[in-house]
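Q:
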Amino acid sequence: MRGAPKIRPAVAALLAAALLGALMLAIWWPGVAMYDSVDQYGQALSGAYDDWHPPIMARLWSLFHLAWDGQAPMFVLQALLYWLGLGLVAAALARDGGWWTAAAVLLLGALPLFAGWQAAVLKDAQMAGAMLAAIGIATWWRLPGRRLPRTAGAVVVGLLVYASLVRANAVFAAAPLACGLLGWFGLRHWAARGALMAAIAAAILAVSPLINHRLLGADDTGVARSLPIFDLAGIVHRAGPEAAPSLPPATWAAMEARHCATPFFWDPLGDESRCLFVKDELGERAPGGELFRAWLETAARHPLAYAAHRLAHWNATMRWLVPRGWPLAAPPAESEPNELGLASPGPAGAAAAEAGGWLAETPLGWPILWFAAALGALVLARRDRPLAFALALSAVLLEASFLLVSISSDLRYHLWPMLATGLAWALSARGPLPRRGLWIVAGALLVLALAGAAARIALPPVTGGYAAMLAGG
703 MRGAPKIRPA
713 VAALLAAALL
723 GALMLAIWWP
733 GVAMYDSVDQ
743 YGQALSGAYD
753 DWHPPIMARL
763 WSLFHLAWDG
773 QAPMFVLQAL
783 LYWLGLGLVA
793 AALARDGGWW
803 TAAAVLLLGA
813 LPLFAGWQAA
823 VLKDAQMAGA
833 MLAAIGIATW
843 WRLPGRRLPR
853 TAGAVVVGLL
863 VYASLVRANA
873 VFAAAPLACG
883 LLGWFGLRHW
893 AARGALMAAI
903 AAAILAVSPL
913 INHRLLGADD
923 TGVARSLPIF
933 DLAGIVHRAG
943 PEAAPSLPPA
953 TWAAMEARHC
963 ATPFFWDPLG
973 DESRCLFVKD
983 ELGERAPGGE
993 LFRAWLETAA
1003 RHPLAYAAHR
1013 LAHWNATMRW
1023 LVPRGWPLAA
1033 PPAESEPNEL
1043 GLASPGPAGA
1053 AAAEAGGWLA
1063 ETPLGWPILW
1073 FAAALGALVL
1083 ARRDRPLAFA
1093 LALSAVLLEA
1103 SFLLVSISSD
1113 LRYHLWPMLA
1123 TGLAWALSAR
1133 GPLPRRGLWI
1143 VAGALLVLAL
1153 AGAAARIALP
1163 PVTGGYAAML
1173 AGG
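Our numbering puts the first residue of the sequence shown at 703, with every later residue one more than the last.
#1: With a floor of 4 residues, list each alpha helix (DSSP H) that falls wholly inside the region 1119–1174, ordered by position along the chain.
#2: Just the Cα atoms here: how many angstroms apart are S1130 and A1076?
#3: Quick one: using the 10 Å Cβ neighbour count with 16 as the cut-off for buried, is V1107 buried or exposed?
#4: Find the nearest neighbour of H915 within the set L727, P756, L1150, judged by alpha-carbon distance.
#5: Consult DSSP for A1032 and reduce its assignment to one of helix, strand or coil.
#6: Going straight from the alpha carbon of L1044 to that of V740, what length do you get?
#7: Just how far apart, CA to CA, sit P930 and A901?
#8: Taking DSSP as the reference, what is the three-state secondary structure of A822?
#9: Measure how close the beta-carbons of L727 and A781 come, nearest whole angstrom, since I'm counting them as under 8 Å.
#10: Check this for me: beta carbons of G1027 and V1164, under 9 Å apart or not?
#11: Among residues of its own chain, excluding the 5 on either side of W1127, which ones have a beta-carbon nearer than 8 Å to its beta-carbon?
#12: How is D921 classed by DSSP in three states: helix, strand or coil?
#13: Out of L884, N871, P846, P911, which has the shortest C-alpha to C-alpha gap to G860?
#14: When you compare only the Cα positions, how much space is there between R704 and I839?
#15: With 16 other CB atoms within 10 Å as the buried threshold, where does Y743 fall?
#16: Pull up the distance between the alpha-carbon of L1105 and that of K708, whole angstroms please.
#17: Do A821 and V734 have their C-beta atoms closer together than 9 Å?
#18: For A854, I'd like the list of residues in its chain whose CB is within less than 7 Å of its CB, leaving aside the five on either flank, ordered along the chain.
#19: Helix, strand or coil: which one does DSSP assign to R704?
#20: Could you pull the DSSP bridge partners for D741 from this structure?
#21: Report the option in G896, A1031, A718 whose CA atom is closest to the CA atom of L1099.
#22: From the DSSP output, in three-state form, read off D969 for me.
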């Protein structure tokens, strides 16, 4: 009976999470199927898989389809993982006496900006759900100082492996999270910890193609070529046609006139009616070794153009010094038109998506601020709050990876690091934090927010959304 007072708050937090999960299912039922979702569902129906989208997700969907049509089972899965993780974190905090932080965790998950994107059946939501469930299970055991049982540890590993396979760049977030959740940050030297995370990341990157192509039977679409082509186009856009001998001056002029190279995303380069010739001229069809060698050599010869291109893209995807109306931020309100029976949510889902879109225009929807907050949590948490440290490091490394490997500026790509940052601060708040450090973090956030607000006031707003950006607007 002594444990009853501690268990009751935990049970209350779990019940609140369950109610919020049921509310999420009711509002957005049967989930939102975006363009990627429709393509994946088509693969699940046909049994013909490729690696442009994560084959493990399409394979899982095909199993659900045996008993349940449409996107609903995948929506239920990611909603369950999402609220299981948040609920267990909130329950662990409430059990420890942290009622306010537990409530903050549940409020974070209920915000239409995050819940709205989690309602979209996408690899980003699957990744976030799997990672949240992993952190929830680990937090329930490890927050009070107990060891993670083997069975629970195996489930955590399985969830992190799934997250790493469902999104290619998830490895940058999964490696530090695995080390933190499984208690591997006990290594004394930072070099040893870094080597361990690098080894985990390298192992995942090495085995993923084997799993995707041999075990899951997915065709190789050459999706890995997208990044070199995006970077090459960005470099020659800034350095001129001499940066790529394979690109004649006339072709470069046509590329510029058609706005094929934009830091916002790589999509114009895949537009067959406008810019497909750029991909061909830059060697998109060349053997993989030649393309990747040309990419590295061109970046080395023109480091300033490469750096300007990558920094411009990072600014775009972090949504910092950008105009109002920066697209691909609001949660989707309806499914992509399709002939596969994938329906859209009702009026309640549309209203919630509109509220999420409004929040996306506020500083809550600016990943740059969450990145700065994650850096602050990383410094302040240190080794005495290992779970918070692991979450902050996971967020920081994933956001930092966009400096090198990102090709689009969709807000959904930041769903996990934003949530991870919020959880890192909730877990850090269990004890006193250095007041000076808190003031420094608050000052940095204020400066970044004021600069972002000034850019949105000074720059012409984007009108026309995705179509305008695709056309070079």
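Glycine is no exception: its CB is placed at the ideal position from the N, C-alpha and C atoms.
Everything numeric in this text was worked out from a predicted model, so none of it was measured.
A: Taking the coordinates as given:
#1: 1137–1160, 1167–1172
#2: 11 Å
#3: exposed
#4: P756
#5: coil
#6: Taking the straight line from one Cα to the other gives about 8 Å.
#7: 24 Å
#8: strand
#9: For L727 against A781, the beta-carbon gap comes to about 6 Å, under 8 Å, which counts as contact.
#10: yes
#11: A1075, A1079, A1090
#12: strand
#13: L884
#14: For R704, the predicted model reports a pLDDT of 46, less than 50, meaning its position is unreliable and no value from the coordinates is stated.
#15: Sixteen is the threshold: when 16 or more other Cβ atoms of the shown chains lie within 10 Å of the Cβ of Y743, as they do, the residue is buried.
#16: 44 Å
#17: yes
#18: I839, W843
#19: Residue confidence for R704 is low, a pLDDT of 46 falling below 50, so the modelled location carries little weight and cannot support an answer.
#20: Answer is none; D741 lacks a bridge partner.
#21: Looking at G896, A1031, A718, the one whose alpha-carbon comes closest to that of L1099 is G896.
#22: helix
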